[in-house]
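So the sequence lines, in the order shown, correspond to chains A and B. Going by our numbering, the first residue of the first sequence is number 1, and it counts up by one from there. Going by our numbering, the first residue of the second sequence is number 1, and it counts up by one from there. By construction, the Cβ of each residue, glycine as well, lies at the ideal position given by its N, Cα and C atoms. Please read these numbers as outputs of a predicted model, since none were measured by experiment. One structure is given below, encoded as C-alpha cells.
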Amino acid sequence: MSTLTDPPKEQFRLSMLVNDTRYRSLTFQAIAALVLALAIWYLGNNLLQNLRAAGLNISYDFLGNSAGYDINQRLIEYDNQDSHGRAALVGILNTLLVAFLACITATIFGVIAGVLRLSNNWLVSKLMAVYVEVFRNIPVLIWIIIIFTIMTAVMPGPREFRGAEPTASMLFDLFAFTNRGVYTPMPVFGNGFFASTALNWLVVLAVLAGSFFVMRRVEAKATATQEETGERPKTLLIALAVWIIPFALLMLAMGLTWEVPELKGFNFKGGIKIGGPLIALWFALSIYTGAFIAENVRAGIQAISKGQSEAAAALGLRPSRTMNLVVLPQALRVIIPPLISNFLNITKNSSLAIAVGYADITATLGGITLNQTGRAIECVLLLMLFYLTASLIISMVMNVYNSSVKLKER
Amino acid sequence: MKNTVILGAMTIAGLAAGAAAAGTLDDVKARGKLNCGVTTGLVGFAAPDANGEWKGFDVAVCRAVAAAVLGDSTAVEFVPTTGKTRFTALASGEIDMLARNTTWTFSRDVDLKFEFTGVNYYDGQGFMVPKELGVSSAKELDGATVCIQTGTTTELNLADFFRSNNISYEPVPIETNAEAQQQYLAGACDVYTTDASGLAATRATFDAPDAHVLLPEIISKEPLGPLVRHGDHEWGDVVRWTLNALVTAEELGVTSANLSEMAAGTNNPEINRLLGTEGTLGEMLGLSADWGKNALAAGGNYGEVFAKNIGEDTPIGLARGLNAQWTQGGLLYSPPFR
C-alpha cells in the first residue's frame with residue numbers, strides 16, 4: 001500500500017529570518033529601513049526642539065510682506081513695494097531664462113566641438129582637445145568672473161558714447177555694446193490687436209506656428225509625390241511664401257516700428273537691454289558645460305561602429321551627410337542620457353549668478369530676502385524645493401525625448 | 001534624494017544646536033580665544049595689514065574685549081564675514097561677537113534676536129561718484145547705475161530714497177566691498193553707495209582719490225555697533241561695558257600714555273572703579289578686577305582708537321563729528337561706572 005504523503009508542511013520559525021536565504025535579505029532591508037526612519041525622526045525632532053529653544057518658528061508669512069529692494073533685471077512687472085514672494089518669482093524667471101539660454105548654446109558648442117575633435121585635420125582636432133581640457137578643468141565660477149571682468153574692462157562705458165568726438169560709437173547706429181550690457185533695437189507694435197504686449201506676441205507666435213504646420217503638410221505631400229514618381233517637386237518658393245507672406249502681412253497690420261536705444265542721462269534708454277551679468281553668466285555656463293557635452297558627443301560618435309560610416313561612404317554619401325544622416329542620429333541614443341545631467345548642472349550652476357550681480361533666485365530669495373527677513377531656514381527650504389522641482393522637470397522632459405529616440409525593440 | 005534631505009536636516013540641526021548654547025563668557029574663557037566676526041576687508045575698520053595682522057576701528061573693539069576677558073589683546077580669532085553671512089555666523093555660534101560696521105535696526109534687534117551692545121560709530125549712508133560726471137547732488141542721479149552691497153540696510157534706504165524723490169536707478173548688487181570697488185572703478189556703475197565712513201575708507205585706497213567726490217546727501221541714520229546673540233545677558237554686559245570703558249576713559253582723560261600711572265590709584269573714584277583699584281565692578285561682570293585696565297591697554301581709549309584708525313591724520317580722514325564726546329557736542333555718552 002502506497003500512500004502519497006504531502007511533504008511535511010514547513011513551519012515558519014523565527015530563526016529562519018536570519019538563517020534562511022529566502023528571508024534574510026528582507027530582514028536586513030527591514031532593519032535598515034527602521035534605522036533610517038529613526039535617524040530621520042531623531043534629526044527632525046532635534047531640529048524642531050532646537051528651533052523652539054532658540055525661539056524660532058517656521059513661518060512663511062514674510063513672503064507676503066513688501067520686499068523694499070529693487071532688482072535690475074525683471075521679466076515681469078516688479079518694484080520695491082511688491083512682496084518678497086514676487087521678488088522670488090522675478091528671481092525664478094531669471095534663473096530659468098539663463099538656464100534655458102545656456103542649455104541651448106552649450107549643446108551647440110558641445111556638438112560642434114565634439115564632432116570637430118574627431119576631425120582628421122590635426123590642427124582642428126587638437127584645438128578642440130585644448131578647448132575641452134582647458135574649459136572643463138577650471139571651475140565655472142572662475143570663468144564667470146573672468147568673462148565678466150574682461151567685459152567690464154574692455155567694453156566702453158556709456159560715458160564714452162557722449163560728446164562731440166566720442167571714443168565709442170554704436171554699431172550701425174542700432175546696437176550699443178557697453179560695459180553694462182548690449183542694447184539692441186526693440187520691435188514695437190504701433191496698432192497691435194491687444195493692449196497688452198504679451199498678447200500681441202502670442203498672435204505672432206500663433207501665425208508662425210500656423211506657417212509651420214502648413215509647411216509640414218507641403219513637405220509631406222512632396223514626400224508622397226517623391227515616393228510615387230521618384231521625383232521630388234521643388235518646394236523652396238512655396239516655403240518662402242508660406243513663411244514670409246503671412247508674417248509680413250501681420251507686421252504691416254500691427255504697425256511694426258523699431259525702438260532704437262538712445263543715450264539719455266547716465267545710460268542708454270529704450271530698446272532691449274541684455275545686461276552684462278546675464279551675458280557673462282550665459283556665456284560662461286555655455287562654454288564650460290559645452291566642454292563636457294563635447295566629450296559626450298565624442299563618446300557617442302565613437303560608440304557607432306565604423307562599419308556604419310564605411311557603408312555610408314560606399315553608398316557615395318559625402319562625409320558631412322554621413323555625419324548628419326547616419327552617425328549622429330544613432331549617436332544621439334548614447335549622447336542624450338549624459339546630456340540630461342549636463343542640463344541639470346547648468347541649472348544648478350546658474351546659482352553662482354550673485355558673483356556677477358545677476359538677480360537669480362539664489363540672489364533674491366536666498367540672498368537679499370533671506371538677509372532682510374532673517375528667515376534663513378524657510379528661504380533655504382524654498383530654494384531646495386525650487387531647484388529640486390526644476391531639475392526633476394528637466395529630467396522628465398529629457399527622458400520623454402530620450403525614449404522617443406532610443407532604439408525600439410520590437 | 002533621501003541623502004540630500006538627511007544632510008540638509010543635519011546641517012540645520014547643527015546650526016540650531018549651536019544657537020541654543022549659552023554661557024558664551026565661559027566658552028571664551030575655556031577656549032582662551034575670542035572669535036570675533038569682522039568685515040572681509042574695509043581699510044580703517046577691519047583689514048589685515050602688510051604683516052597679515054588685523055587692524056582697524058572694529059578690530060580694536062574685538063581686541064579690547066579679548067583683553068578684558070582673557071587679559072591678552074592678541075587672543076582673538078578674526079572671522080571675516082560678508083553682509084550676507086554675518087548674522088548666520090553669529091546666530092550659529094561660529095563667532096562670539098560681531099564687530100562689522102553693522103547698523104542697529106529694530107528688526108535686527110527684535111526679529112533676528114540679536115543684542116546690540118552700543119554704538120561705536122554714528123554713520124549715515126552717502127554716495128560717491130567720479131568727479132568727471134559733474135554731479136553735485138544725489139537728486140541728479142536719475143537713471144544712474146548704482147553699485148550696492150547686498151544684504152545691507154543700504155539696499156533698502158536706496159530704494160526708499162529714489163522712490164521718495166521720484167527718480168529711477170538701476171541696482172547692481174555686489175557681495176563685498178572689494179568687488180564693489182573694482183566694479184565702480186571699471187565704470188560698470190556710475191555711483192557707489194554705502195555708509196559714508198565706508199565710502200571715505202574705500203576712496204582712500206584709490207590711486208587717485210581726488211577724482212571722486214562724496215555727494216552732500218546723507219540719506220539715513222546708521223548707528224554702527226558691536227552685537228551679540230540675544231539671551232546671553234552676561235556676555236552682552238561684558239561687550240557693552242568694555243565699549244563703555246573705552247568711551248568713559250576718553251571722557252575722564254585716561255589714555256594709554258598715563259594708564260599705568262592712573263592704575264596706581266587716583267583721586268577720582270570713577271577712574272579708580274574703571275581701572276579696578278576701587279569697588280568690585282570686575283567681579284560683578286565675572287572678570288578680573290583689572291579688566292578695564294587691560295581693555296584700555298589693548299589700544300587706548302575711544303579717542304585714541306578713532307585717531308589711529310580713521311581719524312583726520314589717517315588717509316581715511318574722518319572728522320569726529322557726531323562721534324565726539326557729549327561734552328564736545330557729539331553723541332558719545334557712556335552710562336556711569338558705579
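Which chain B residues sit within Cβ distance under 8 Å of residue i?
i          : result
Lys-264(A) : Gly-143
Thr-152(A) : Gln-183, Ala-186, Gly-187 and Ala-188
Ile-108(A) : The premise fails here: Ile-108(A) is roughly 28 Å from chain B at the closest Cβ pair, so nothing lies under 8 Å.
Ile-368(A) : Thr-150, Gly-151, Glu-155 and Pro-173
Ile-245(A) : By Cβ distance, chain B contributes nothing, its closest Cβ being about 41 Å from Ile-245(A), past 8 Å.
Asn-179(A) : Ala-186, Gly-187 and Ala-188
Report buried or exposed for residue i, applying the criterion of at least 16 other Cβ atoms within 10 angstroms of its Cβ.
i          : result
Ala-39(A)  : exposed
Leu-243(B) : buried
Ile-244(A) : exposed
Tyr-302(B) : buried
Arg-86(B)  : buried
Arg-24(A)  : exposed
Arg-375(A) : buried
Pro-158(A) : buried
Phe-78(B)  : buried
Arg-216(A) : exposed
Tyr-333(B) : exposed
Ser-404(A) : exposed
Leu-315(A) : exposed
Pro-261(A) : buried
Asp-70(A)  : buried
Glu-250(B) : buried
Gly-329(B) : exposed
Thr-74(B)  : exposed
Asn-65(B)  : According to the sequence displayed, residue 65(B) carries Val and not Asn. Result: buried.
Can you check which of these residues, the options, is closest to residue i by C-alpha distance?
i          : options                                           : result
Lys-113(B) : Ile-361(A), Leu-51(A) and Thr-369(A)              : Leu-51(A)
Met-284(B) : Asp-237(B), Glu-155(B), Leu-34(B) and Ser-334(B)  : Asp-237(B)
Leu-249(A) : Val-204(A), Gly-275(A) and Glu-160(A)             : Val-204(A)
Ile-335(A) : Tyr-60(A), Phe-62(A), Asp-79(A) and Val-111(A)    : Val-111(A)
Ile-304(A) : Met-323(A), Thr-289(A), Ser-320(A) and Val-327(A) : Val-327(A)
Phe-193(A) : Met-254(A), Glu-219(A) and Ala-313(A)             : Met-254(A)
Thr-105(B) : Gly-299(B), Thr-154(B) and Ala-144(B)             : Thr-154(B)
Asn-94(A)  : Phe-247(A), Arg-74(A), Gln-49(A) and Arg-86(A)    : Arg-74(A)
Leu-153(A) : Ile-167(B), Pro-216(B), Arg-63(B) and Gln-182(B)  : The question names Leu, but residue 153(A) in the sequence shown is Ala. For Ala-153(A), the nearest C-alpha among the options comes from Gln-182(B).
Thr-39(B)  : Phe-116(B), Pro-209(B), Ala-201(B) and Asp-207(B) : Ala-201(B)
Lys-264(A) : Arg-162(A), Leu-48(A) and Asn-120(A)              : Arg-162(A)
Can you tell me whether residue i is helix, strand or coil according to DSSP?
i          : result
Leu-93(A)  : helix
Ile-316(B) : coil
Lys-221(A) : helix
Ala-20(B)  : Because Ala-20(B) carries a pLDDT of 42, less than 50, the predicted location of this residue cannot be relied on, and no value is offered for it.
His-348(B) : Because chain B here runs from 1 to 338, residue 348(B) falls outside it and cannot be looked at.
Ser-66(A)  : strand
Ile-274(A) : strand
Ala-144(B) : strand
Ala-113(A) : helix
Met-23(A)  : First, the amino acid is wrong: residue 23(A) is Tyr here, not Met. Reduced to three states, the DSSP call for Tyr-23(A) is helix.
Ile-271(B) : helix
Lys-306(A) : helix
Trp-291(B) : helix
Trp-41(A)  : helix
Ile-144(A) : helix
Gly-158(A) : A small fix is needed here, since residue 158(A) is Pro in this sequence, not Gly. Note: Pro-158(A) maps to helix in three-state DSSP.
Could you list which residues in chain B have their beta carbon closer than 7 Å to that of residue i, in chain order?
i          : result
Gln-29(A)  : Those within 7 Å of Gln-29(A) in chain B number zero; the least Cβ separation is about 14 Å.
Ala-284(A) : Within 7 Å Cβ-Cβ: nothing; Ala-284(A) doesn't reach chain B, min ~16 Å.
Taking C-beta pairs closer than 7 Å, name the residues in chain A that residue i reaches, listed in chain order.
i          : result
Val-172(B) : Asn-72 and Gly-357
Ala-159(B) : Gly-68, Tyr-69, Asp-70 and Asn-80
Asp-163(B) : Looking at the sequence itself, residue 163(B) is Arg, so the reference to Asp does not match. The answer, in chain order, is Asn-80.
Per the DSSP calculation, residue i is bridged to which residue(s)?
i          : result
Asp-195(B) : Gln-125(B)
Cys-36(B)  : Phe-78(B) and Met-97(B)
Trp-282(A) : According to DSSP, Trp-282(A) bridges with nothing at all.
Ser-196(A) : Answer by DSSP bridge pairing: none, since Ser-196(A) is not bridged.
Thr-102(B) : Gly-225(B)
List the residues of chain A that residue i touches, going by C-beta distances under 8 Å, in chain order.
i         : result
Lys-84(B) : Gly-367, Leu-370 and Asn-371
Identify the contact partners of residue i in chain A, using a Cβ-Cβ distance below 9 Å as the criterion.
i          : result
Phe-206(B) : Within 9 Å Cβ-Cβ: nothing; Phe-206(B) doesn't reach chain A, min ~16 Å.
Please compile the residues from chain B whose C-beta is within a distance smaller than 9 Å of the C-beta of residue i.
i         : result
Ala-37(A) : The premise fails here: Ala-37(A) is roughly 11 Å from chain B at the closest Cβ pair, so nothing lies under 9 Å.
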